[in-house]
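Visitor:
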Amino acid sequence: MIIGSVEIDNASVNTHRDSYLLPNITVVSVRRPFLAGSLICAAGFGGFGIAFADLLYPREIQSIIGGIVVSLFAGVWLGQLKLLSRDLRNSELSGAIFGSYSHLNRIRREIITAMRSTGEDQI
0 MIIGSVEIDN ASVNTHRDSY LLPNITVVSV RRPFLAGSLI CAAGFGGFGI
50 AFADLLYPRE IQSIIGGIVV SLFAGVWLGQ LKLLSRDLRN SELSGAIFGS
100 YSHLNRIRRE IITAMRSTGE DQI
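Counting along the sequence shown from 1, when you hit position 23 you're at 22 in numbering that gives the first Met the number 0, and nothing is skipped either side.
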């Protein structure tokens with residue numbers, strides 16, 4: 000699942016907002032930007048649950064456990080695809096492509112394959 004769209008052809012990468020020529024892209028990376036925040040939230044929920052376990056009802060403890068699971072799942076599942084160009088002083092071309100980490104990783108590999116084939120055509 001991707002929030003937005005990404006299409007790759009022989010010479011460009013087209014996102015839901017912009018199009019980029021493959022020769023101008025130097026770095027394609029996929030990150031998990033929300034992982035640190037989700038770990039902090041899960042630790043906070045866990046600490047709260049442990050500190051007040053004797054005062055909480057079983058449903059409240061289940062809700063806290065559910066919050067921990069959802070927080071960790073979201074942090075691991077969500078990813079961000081970044082396209083960078085060192086030619087533009089390491090400026091970010093596109094950092095607004097969010098989706099599942101595994102799907103974005105597949106798209107990253109497709110972009111790299113298209114970049115390699117474009118490079119072979121120019122030689």
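Cβ coordinates follow ideal geometry from the N, Cα and C atoms, glycine included. Quick caveat, the model's predicted, so the values are computed rather than measured.
1. Just list the residues that DSSP pairs serine 11 with in beta bridges.
2. Would you kindly work out how many angstroms separate the C-alpha atoms of serine 11 and isoleucine 24, rounded to a whole number?
3. Could you check what DSSP says for arginine 31 in three-state terms: helix, strand or coil?
4. Look at the alpha carbon of glycine 65 and the alpha carbon of asparagine 104, and state the distance between them as a whole number of angstroms.
5. Residues in its own chain within less than 8 Å of leucine 71 by CB, not counting five upstream and five downstream?
6. Please classify phenylalanine 47: is it buried, with 16 or more other beta-carbons within 10 angstroms of its beta-carbon, or exposed?
7. Which residue comes first and which comes last in the beta strand (DSSP E) that contains serine 62?
8. Among Phe44, Phe51, Ile110, Pro57, whose alpha-carbon lies nearest the alpha-carbon of leucine 82?
9. On the CB-based measure, 16 or more other CB atoms within 10 Å of its CB, does phenylalanine 51 come out buried or exposed?
Guide: To lay it out plainly:
1. In the DSSP assignment, serine 11 is bridged to Leu20.
2. Distance between the alpha carbons of serine 11 and isoleucine 24: 9 Å.
3. In this structure, arginine 31 counts as coil in the three-state DSSP scheme.
4. The alpha-carbon atoms of glycine 65 and asparagine 104 are separated by roughly 28 Å.
5. So the qualifying residues of the chain are Ser37, Leu38, Ala41.
6. The residue is exposed, with fewer than 16 neighbouring Cβ atoms inside 10 Å.
7. No beta strand (DSSP E) contains serine 62, which is instead part of the alpha helix (DSSP H) from 57-76.
8. Each of Phe44, Phe51, Ile110, Pro57 was checked against the Cα of leucine 82, and the nearest Cα belongs to Ile110.
9. Exposed: under 16 other Cβ atoms inside 10 Å.
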